[in-house]
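Chains as they are written, first to last, in this note's numbering: chain W, 1 to 347; chain F, 348 to 847. Below you'll find the structure, written out as C-alpha cells, and then a few comments.
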Amino acid sequence: MLCRVANSVFWMSRYLERAENAARFIDVTSAIALGYRGLEETLWSSLLHAGGDVETFHKSYPVASRENVTRFLLFDRANPNSVLSCLGSARENARSIRENLTTPMWEAVNRFYLRVRSAAAEADQVLGQPHPFLERIKRSAHQVQGVTLATWSRGEAWQFYSMGSLLERADKTSRILDVKYFILLPDASHIGTAVDVVQWAALLESTSALQMYRRASGRIEPGRVVEFLVLNAKFPRSVRFCVSQADISLRAITGSPAQGFSNRAEQLLGQLSSQLSYAQVSDIIDGGLHEFVDNLQMRLNGIGDAIGETFFRIAPVDRQPAAASQSQSLTKTPAVVSTVAAKTSVP
Amino acid sequence: MYCGKALELPRLSAAPAIYARMSNSQGKVVQKIAATFDELRDYYGYPRHPALSECLSTMDPKLLAERQRYAEQELLEMGITFAVYGHDDGTEKIWPFDVVPRPVPWIEWQHVEAGLKQRIKALNLFLDDIYSEGRILKEGLIPAELIRTAKTFRPECMGIKPPGGVWTHVTGTDLVRHSDGTIYVLEDNLRCPSGVSYVLENREIMKRVLPEVFYGSAIASIEDYPERLLETLLKTAPPHVTSPTAVVLTPGIYNSAYFEHSFLAQQMGIELVTGPDLFVDNDVVWMKTTRGPRRVDVIYRRIDDDFIDPECFRKDSMLGVPGLMRAYRKGNVTLANAPGTGVADDKAVYAYVPKIIRFYLDEEAILPNVPTYLCSNPSDCKYVLEHLHELVVKPTNESGGYGILMGPTASEADRKKCAEAIAQDPRNYIAQPMLTLSTVPTIVGTSLEPRHVDLRPFILYGEELFVLPGGLTRVALKEGSMIVNSSQGGGSKDTWVLLQ
C-alpha cells in the first residue's frame, strides 16, 4: 500500500482511540471526585498532568475547575487532543484515504464526527450533564471498531489500523493508572480503605475492566488492579495485551518471524513486548508506578517514531523547492497533521 | 450559465414554432408558460410521462418535502460534499440534491447518445490530427492561427500518439434544451470533467428515499459506470503491458472535486494517489508503497495539464509529478485524459465542431451547436459589438462560467468594459444568443415549482464509445435563475432515462 495511506490509516485509528480515551479519562475523574469533596481542583489538574496537557490548558483557562477541564478535553479546538480535535483529525485522515476504507467504516467515522460537532455547538448544555455524552462517545468509538472488524479485509491496511489503536490504547491505559497514582500515593494511609476501593473500582470501570477484573482476580486490591491493567495477557485494554498484539500486527506487515527483527520498529516493539511478558507486578510497584508509566510512555513514543521512519517516510527523490501559489488546492501531507499531537510529553 | 428571458434568436433553427402557435391560440398566460420547455409537462399542461407523473402526483408535496429532508440527512452522514477548504466546517458543503427526478424519454436518449458518440469520435480524430499532420489545417477548414493561439494548445504534445488514438477517455458534455424543444450542445468538457460520482450517488439516494417511484418504472441502470471506467483505463494502457496498474491522481483533499476522486478510486478498487506519492525514474512512473516502489501504467489524472508536470508545464506546481511527461512521451504510461485535449474544447474551436464532424466522418452533426459568433471573424465581431445587449459573451479559454457577460442583464458599464476587451483581443471572445433552459418541477419549501436545468452526460472512450444513460442534471434553485453551478446555488437531480 501507499506510504501516505499507511500513515493516514495509522493516525486515523490513533485519533479515534485517543478520543475514546479522553472520554474515559473524564469519566474516571468524575467518579473519583465523588469521594474527594474539597479537592476538586487537584483532581482535575491531575488529569491534565496525566495527559501532558497542562501548558496548553493554562494558555486559555485560569483555573482547573471541573467545567474548564471538561470543556478543554471535550470541545476545545485549541487543544489538539480534545475529543473534537481528535475526531476532526480522524475524519480528515479518513477522508484522505476514503477509497481504502469500506463505506460503512467511513460513514461511522463521519457520523461520529458529526455527533461530536453538534454536541460542541451546545457545549454548555453537555457540560452540565456530561455522562450521557461520554457514553455516546464510547459507543460511537465501538461502532467504528465494530464495522471495521465486520467489513474490512485483514490486509496490510488493517494491520496498520490495529497497530495504531493498540499503541494508543496501551499509552492511554497507562495514563489512566497515572491519574490514580497522582491522587493516592502521596497519602499511602488511604490504601485499603473503603474510599480507596471505590476509587479503584471507578478506575476499572472507566477502562471497562471491572467485570473482567472481578472474574480474574476477585477482590479489589491495588496491586492486582495494576497487574490486571498492565500485565494481563487476555484483557484487551491491558498494556501487555496491546503491545503484544501490536507486535503481531507489525510482524504480519513485515513478514518477519517472531524471533529477531528486520528494522528498528520491530526491535523496540519486540523488546517491550517480551519485557512485559516476563515482568512481575511487584517489580513495577517497587520501582514506582509513576516512574514505570513514565518510562513506558517514552518507549511507546519511540516505537511510534520508528514505525514512521520505517514505513511512512520513505524519502522522496529530489522534491523541487516549495514554490508560488497555484489555482488548484494544495495537498496537505497527513503526516504534518498527525505529528502535531503525536508526542504528548509527560512532565 | 444562461439567464434572462427568451429573445429573438438570430440563427437558431426553426425557432419557437410551438411558442408562436400557443400564443396565437391561447393568449398571454399560455405565452408565459410556453416561453420555457418543461421536461415533465407539455405546453398544454399534460404529462409527457404519464406513469411517472401519476406516481409523483399521488404523493403529497408535504411528504415529498419530508423525503427531501431525509435525503439531505443521508447525504450529510454519507459525507457527500463538493467543496472543502481545510478544517473550517463552513466551507464543506453538502451536495445539494432535489428528489424530483428529471426524465428523458428513450427515443430522445437514443438520439442524444448517437449524437454524443459521433461528436466524441470526431473530436478524437481531430486531436490526433492537429497534434500530428494537421490535415484539417492544411486544407484550410480551420484557420491554423486559431489553433496556434489557443491557450490550451500544447506544442509539447506534437507527435504523441496515445494508445488506441484515444485522447478523451472521459468526457462530460453540457447539453441544454431551449424553448424551441431542441437539445443543443453548450460545451464539450474534454479535460477533467467532474460530476459523475454525484450521478451515481444521486441514484443511490433516490432508491433509499423514494423507492415507491421506482416500482413499476423501467429506468436505464447506471451502476456499471465504475466497471466501465476501469475497463476504459485498462484497455488504453501502454500496449506492451500485460496486466496494467491504474491509479487515480488527485490534487488532494482540499480540491473541490476530491469527493469524486476518492469515490471513483474506491468504486474501481484502485489506488488514489497525490503527486508526492509518485515519482519518475528512468522514464517510468512508480508509486511509493510500504513495500517499496510499484510500477504505474495508467493514470486517470484529475489535475489540469498546467499542474501535471513541473518539468514540462508550470514550474511552480507542487501537485504534479516531475518527469511525468517524459514517461508519457516514451509510451511508458497512459494519461487519461491525454494532455492537450483542452484545445478541442476551446470555445472558438467549438464553433467548428460541425465542420470537424463533416471533415473526419463525412456526416452531419446529429446534435446542433448553439449558434456562435467568433469575434476573431471581423463580420461576426461587428455584429456582436452591435448586439451586446442581447448576447452572451464568453472568453474562449475559460471554463466553469468564469468571465461571462450576460448581455441582457448586465449593466451599461459592464457591457462597455466587455466591448473594449473584445476590441482589444477578439480571438479571446465568442458570443451566443441567450437560451432559455428547460425546467423541471423542484421542491421549494413544501411545494413544487419549475426550475431551470441543464444536462451533463458522461462519455467513455476506450476500446469503444460508451455513453452513461442520463447524466448529471443540474438545477438552478433560485426562481428564474439559469445559473446551475453548485458553487452558485445550483442543485442536482437524478436523471432517468425511461426505457420503453
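Even glycine gets a Cβ: it sits at the ideal position worked out from N, Cα and C. Keep in mind that this is a model prediction, so the values were computed, not measured.
What is the residue span of the alpha helix (DSSP H) that arginine 313(W) lies within?
-> Numbered from its first residue, the first sequence carries residue 313(W) at position 313. No alpha helix (DSSP H) holds arginine 313(W); DSSP gives it neither H nor E.
Would you identify the three-state DSSP class for glycine 817(F), choosing helix, strand or coil?
-> To locate residue 817(F), count along the second sequence from 1; it is residue 470. Reduced to three states, the DSSP call for glycine 817(F) is coil.
Alpha-carbon to alpha-carbon, isoleucine 483(F) and tryptophan 158(W) = Reading the first sequence from its first residue, position 158 is the one you call residue 158(W). Reading the second sequence from its first residue, position 136 is the one you call residue 483(F). Approximately 55 Å between the Cα atoms of the pair.
What does DSSP give as the partner residues of isoleucine 530(F) in its beta bridges?
-> As a position in the second sequence, residue 530(F) is number 183, starting the count at 1. Under DSSP, isoleucine 530(F) forms a beta bridge with Arg524(F).
If contact means a Cβ-Cβ distance below 8 Å, which residues of the region 105–138 of chain W contact chain F?
-> For the region 105–138 of chain W, the beta-carbon criterion of a distance under 8 Å to any beta-carbon of chain F is satisfied by Trp106, Glu107, Asn110, Arg111, Leu114, Arg117.
Cutoff 8 Å; reference lysine 508(F); Cβ partners in own chain excluding five residues on either side | Here residue 508(F) refers to the residue found at position 161 of the second sequence. Here the set comprises Asp475, Ser479.
Start-end ranges of the alpha helix (DSSP H) lying completely within the region 731–794 of chain F, minimum 4 residues | Taken in chain order, the unbroken stretches of alpha helix (DSSP H) that lie wholly in the region 731–794 of chain F and span 4 residues or more are 759–771.
Does the region 82–92 of chain W come within contact of the region 20–28 of chain W, defined as at least 3 CB pairs closer than 8 Å?
-> Below 8 Å, enough C-beta pairs join the region 82–92 of chain W and the region 20–28 of chain W to call them touching: three or more.
Would you call the CB atoms of phenylalanine 444(F) and serine 544(F) closer than 8 Å?
-> If you number the second sequence from 1, residue 444(F) lands on position 97. If you number the second sequence from 1, residue 544(F) lands on position 197. At least 8 Å separates the beta-carbon of phenylalanine 444(F) from that of serine 544(F).
So with Cβ pairs under 8 Å, would you call serine 96(W) a contact of chain F?
-> In the first sequence, the residue the question calls residue 96(W) occupies position 96. Contact of serine 96(W) with chain F is assigned, a C-beta pair being separated by under 8 Å.
Within the same chain, show all residues whose beta-carbon is closer than 8 Å to that of aspartate 53(W), passing over the 5 residues directly before and after it, in chain order.
-> Locating residue 53(W) in the first sequence gives position 53, counting from the first residue. Excluding residues within five positions, the ones whose Cβ falls inside 8 Å are Phe72, Leu73, Asn79, Asn81, Thr344.
Applying a beta-carbon distance threshold of less than 7 Å, which residues of chain F neighbour cysteine 3(W)?
-> Sequence index remark: in the first sequence, residue 3(W) carries index 3 (1-based). Going along chain F in sequence order, the residues near cysteine 3(W) (Cβ under 7 Å) are Lys635, Thr636, Thr637.
Quick one: list the residues of chain F neighbouring phenylalanine 311(W), beta-carbon separation under 8 Å, in chain order.
-> Along the first sequence, one-based indexing puts residue 311(W) at 311. Neighbourhood of phenylalanine 311(W) in chain F, by CB distance below 8 Å: Thr637, in chain order.
Helix or strand or just coil, what does DSSP make of leucine 114(W)?
-> Position 114 of the first sequence, counted from the first residue, corresponds to residue 114(W). Here leucine 114(W) sits in helix by DSSP.
What first and last residue would you give for the beta strand (DSSP E) that runs through proline 397(F)?
-> The residue you call residue 397(F) lines up with position 50 of the second sequence. First-last for proline 397(F): 397–404, but that is the alpha helix (DSSP H), not the beta strand (DSSP E).
As assigned by DSSP and simplified to three states, the class of glutamate 413(F) = As a working note, residue 413(F) is residue 66 in the second sequence. The answer is helix: DSSP assigns glutamate 413(F) an H, G or I state.
Is DSSP giving methionine 1(W) helix, strand or coil here?
-> Residue numbering aside, residue 1(W) sits at position 1 when the first sequence is read from its first letter. It is coil, neither helix nor strand.
Through-space distance from isoleucine 552(F) to isoleucine 566(F), alpha-carbon basis = Taking the second sequence and counting its residues from 1, the one referred to as residue 566(F) is at position 219. Taking the second sequence and counting its residues from 1, the one referred to as residue 552(F) is at position 205. Roughly 15 Å between the two C-alpha positions.
By the 10 Å Cβ neighbour count, where 16 or more other Cβ atoms means buried, how is leucine 846(F) classified, buried or exposed?
-> Sequence index remark: in the second sequence, residue 846(F) carries index 499 (1-based). Around the CB of leucine 846(F), fewer than 16 other CB atoms lie within 10 Å, so the residue is classed as exposed.
My guess is that glycine 178(W) and valine 69(W) are in contact by the Cβ rule of under 8 Å, so how many angstroms apart are they, rounded?
-> Numbered from its first residue, the first sequence carries residue 178(W) at position 178. Numbered from its first residue, the first sequence carries residue 69(W) at position 69. According to the sequence displayed, residue 178(W) carries aspartate and not glycine. The Cβ separation is near 16 Å, so there is no contact.
Quick one: is glutamate 156(W) near chain F, going by C-beta distance under 8 Å?
-> As a first step, residue 156(W) must be located in the first sequence, where it is residue number 156. Chain F, which has a Cβ nearer than 8 Å to the Cβ of glutamate 156(W), makes this yes.
Go ahead and label isoleucine 454(F) buried or exposed: buried means 16 or more other beta carbons lie within 10 angstroms of its beta carbon, across all protein chains shown.
-> Taking the first residue of the second sequence as 1, we reach residue 454(F) at position 107. Result: exposed.
Same chain only: Cβ atoms within 7 Å of alanine 418(F), ignoring 5 sequence neighbours per side | Position 71 of the second sequence holds residue 418(F). Answer for alanine 418(F): Phe444, Val446, Ile552, Val556, listed in chain order.
By the criterion of Cβ-Cβ separation under 7 Å, what are the contact partners of leucine 619(F) in chain W?
-> Translated into the one-based positions of the second sequence, residue 619(F) becomes position 272. Result: Glu99.
DSSP-derived helix/strand/coil call for alanine 683(F) | By one-based count along the second sequence, residue 683(F) stands at place 336. Note: alanine 683(F) maps to strand in three-state DSSP.
Counting contacts by CB-CB distance shorter than 8 Å, is alanine 141(W) in contact with chain C?
-> Of the protein chains in this structure, namely W and F, none is chain C.
Distance, glutamine 465(F) Cα to cysteine 504(F) Cα | Counting from 1 along the second sequence, the entry for residue 504(F) is found at position 157. Counting from 1 along the second sequence, the entry for residue 465(F) is found at position 118. So the two alpha carbons sit approximately 24 Å from each other.
Whose Cβ in chain F lies nearer than 9 Å to the Cβ of alanine 6(W)?
-> Residue mapping note: residue 6(W) aligns to position 6 of the first sequence, counting from 1. Neighbours of alanine 6(W) on chain F, chain order: Thr636, Thr637.
Is it true that the CB of isoleucine 569(F) sits closer than 8 Å to the CB of glycine 838(F)?
-> Taking the first residue of the second sequence as position 1, residue 838(F) is located at position 491. Taking the first residue of the second sequence as position 1, residue 569(F) is located at position 222. Against a cut-off of 8 Å, the Cβ pair of isoleucine 569(F) and glycine 838(F) comes out as no contact.
Counting only beta-carbon atoms, is alanine 612(F) nearer than 8 Å to chain W?
-> Here the question's residue 612(F) lines up with position 265 in the second sequence. At least one chain W Cβ lies under 8 Å of alanine 612(F).
Starting from tryptophan 633(F), follow its DSSP beta bridges and name the residues at the other end.
-> One-based indexing of the second sequence puts residue 633(F) at position 286. DSSP, once it has assigned bridges, lists Phe626(F), Arg642(F) as partnering tryptophan 633(F).
Since I believe leucine 300(W) is in contact with glutamate 618(F) (beta carbons under 8 Å), could you give me their beta-carbon distance rounded to a whole number of angstroms?
-> Against the second sequence, residue 618(F) aligns to sequence position 271. Against the first sequence, residue 300(W) aligns to sequence position 300. Between glutamate 618(F) and leucine 300(W) a beta carbon distance of about 30 Å is seen, past the 8 Å cut, so the two are scored as non-contacting.
In its own chain, which residues sit with a C-beta less than 8 Å from the C-beta of alanine 398(F), not counting the 5 before and 5 after it?
-> Along the second sequence, one-based indexing puts residue 398(F) at 51. Result list for alanine 398(F): Gly563, Ser564, in chain order.
State the Cα-Cα distance for the pair glutamine 835(F) and isoleucine 427(F), rounded to the nearest angstrom.
-> Along the second sequence, read from residue 1 onward, the residue named residue 835(F) stands at position 488. Along the second sequence, read from residue 1 onward, the residue named residue 427(F) stands at position 80. If you take the alpha carbons of glutamine 835(F) and isoleucine 427(F), they lie about 18 Å apart.
Report buried or exposed for glutamine 771(F), applying the criterion of at least 16 other Cβ atoms within 10 angstroms of its Cβ.
-> The residue labelled residue 771(F) in the question sits at position 424 within the second sequence. When all chains shown are included, glutamine 771(F) counts as exposed.
With a Cβ-Cβ cutoff of 8 Å, do isoleucine 769(F) and cysteine 722(F) count as a contact?
-> Here residue 769(F) corresponds to residue number 422 of the second sequence, with the count starting at 1. Here residue 722(F) corresponds to residue number 375 of the second sequence, with the count starting at 1. Yes, they are a contact pair.
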